[in-house]
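Reminder that position 21 of the sequence shown reads as 100 in our numbering, one-by-one numbering, no gaps. Structure, as structure tokens:
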Amino acid sequence: MNKFKIGDLVTMSAAGQARDQNYSVLGRTGIVMGYEADVTWPILVHWLPIPPRFPTTNFKEYELKFVSKARRA
Numbered sequence: 080m081n082k083f084k085i086g087d088l089v090t091m092s093a094a095g096q097a098r099d100q101n102y103s104v105l106g107r108t109g110i111v112m113g114y115e116a117d118v119t120w121p122i123l124v125h126w127l128p129i130p131p132r133f134p135t136t137n138f139k140e141y142e143l144k145f146v147s148k149a150r151r152a
């Protein structure tokens, strides 16, 4: 069971920021678009503003966190 639902706003967690491959989405807000069963990175996230490469990418749960309500405004 995943803590994120489709439509949730997310950003990179500290663990996700520590990964070298997530540099293109650092500081961005993403929308959870769906889940893919039986894959290594099951959470599908679309990033805004759209990065130059890979606007929709997959992540593990620990790499993401909810966007705070203060940041949504």
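Even for Gly, the Cβ is constructed at its ideal location relative to N, Cα and C. For clarity, every value in this text was computed on a predicted model and none was experimentally measured.
- In terms of Cα proximity to valine 89, the closest of Ile110, Asn137, Gly106 and Asp99 is Ile110.
- In the DSSP assignment, lysine 144 is bridged to Thr90.
- Its Cα nearest to that of isoleucine 85, the residue Gly113 stands out among Lys144, Arg132, Gly113 and Tyr141.
- Only residues of its own chain outside the window of five on either side were considered, and among them Met112, Gly113 and Asn137 have a CB closer than 6 Å to the CB of leucine 123, listed in chain order.
- In the DSSP annotation of this structure, the continuous segment of the beta strand (DSSP E) that includes tyrosine 114 starts and ends at 108-114.
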